[in-house]
Each structure stands twice: as structure tokens, then as C-alpha cells.
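The next block holds one structure in the form of C-alpha cells; read it before the comments.
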Amino acid sequence: MQLELLDTDTQKNANKRRVMKPVDIWPADVFVYDDDGTELPEMGEMECPECGHNDGWWYFKDMNEMQAGIPCPKCNQVEVCS
Ligand SMILES: [Zn+2]
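Following this line, the structure appears as C-alpha cells:
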């Protein structure tokens with residue numbers, strides 16, 4: 010069953026991966042930096058148009074990155090490492 014992960018279906022899903030989009034946008038209220046030290050001055054409330062999952066506020070380095078969206082953890086079944 011593990012081999013199915015390498016199937017072409019996976020490729021198709023990757024192409025139309027579901028992403029959360031900003032439903033509210035604000036300038037960042039605090040100085041936030043990513044792991045590379047890049048400032049993230051834009052803040053967006055991210056919500057999935059597919060399943061309605063709201064992941065709260067995320068910080069982005071620019072609007073392009075925000076509009077590109079964040080993969081939805083519910084639709085994409087991201088496994089939580091804990
Ligand atoms: Zn979703």
C-alpha cells in the first residue's frame with residue numbers, strides 16, 4: 010500500500026492541492042522573522058475555501074506569498090509530528 014504514494018494520483022493531487030487563502034489581511038502587529046531571518050511584515054487570517062478550516066493568523070514576507078496560500082492541513086492530511 011505504501012507504493013501508492015508514488016502513484017500518478019499523487020501527482021494529480023499535488024497539482025490541485027488545496028490551499029488556505031487569506032480572508033482578512035493586516036500589517037503585522039509585531040516584528041516576525043522566518044528561520045532565514047527574513048522579515049514577515051504581512052499578516053493574514055488563513056481559511057480553506059474547500060473545507061472551511063480556519064488556521065488563524067499567519068505571517069508572510071509579501072502579498073504574493075500570502076495570495077499563493079498555505080496548504081490546508083485538513084484537505085492535505087498533513088501528519089502532525091509530535
Ligand atoms: Zn481544507
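Heads up, the final residue of the sequence shown is numbered 91 in our numbering, and it's a clean run with no missing numbers. From the three backbone atoms N, C-alpha and C, an ideal C-beta is built for every residue, glycine too.
Listed in chain order, the non-local C-beta contacts of Ala37 below 7 Å within the same chain comprise Leu49, Pro50, Glu51, Met52, Tyr68, local neighbours out to five positions each way being set aside. The beta carbon of Glu56 is closer than 6 Å to those of Met29, Val32, Asn63 in its chain, skipping five residues each way along the sequence.
Around the Cβ of Met72, a 10 Å sphere holds fewer than 16 other Cβ atoms; the residue is exposed.
Pairing Gly61 with Val41, the inter-Cα distance amounts to about 26 Å. Close CB contacts of Glu74 within its chain, under the 6 Å cut and outside five residues either way in sequence, are absent.
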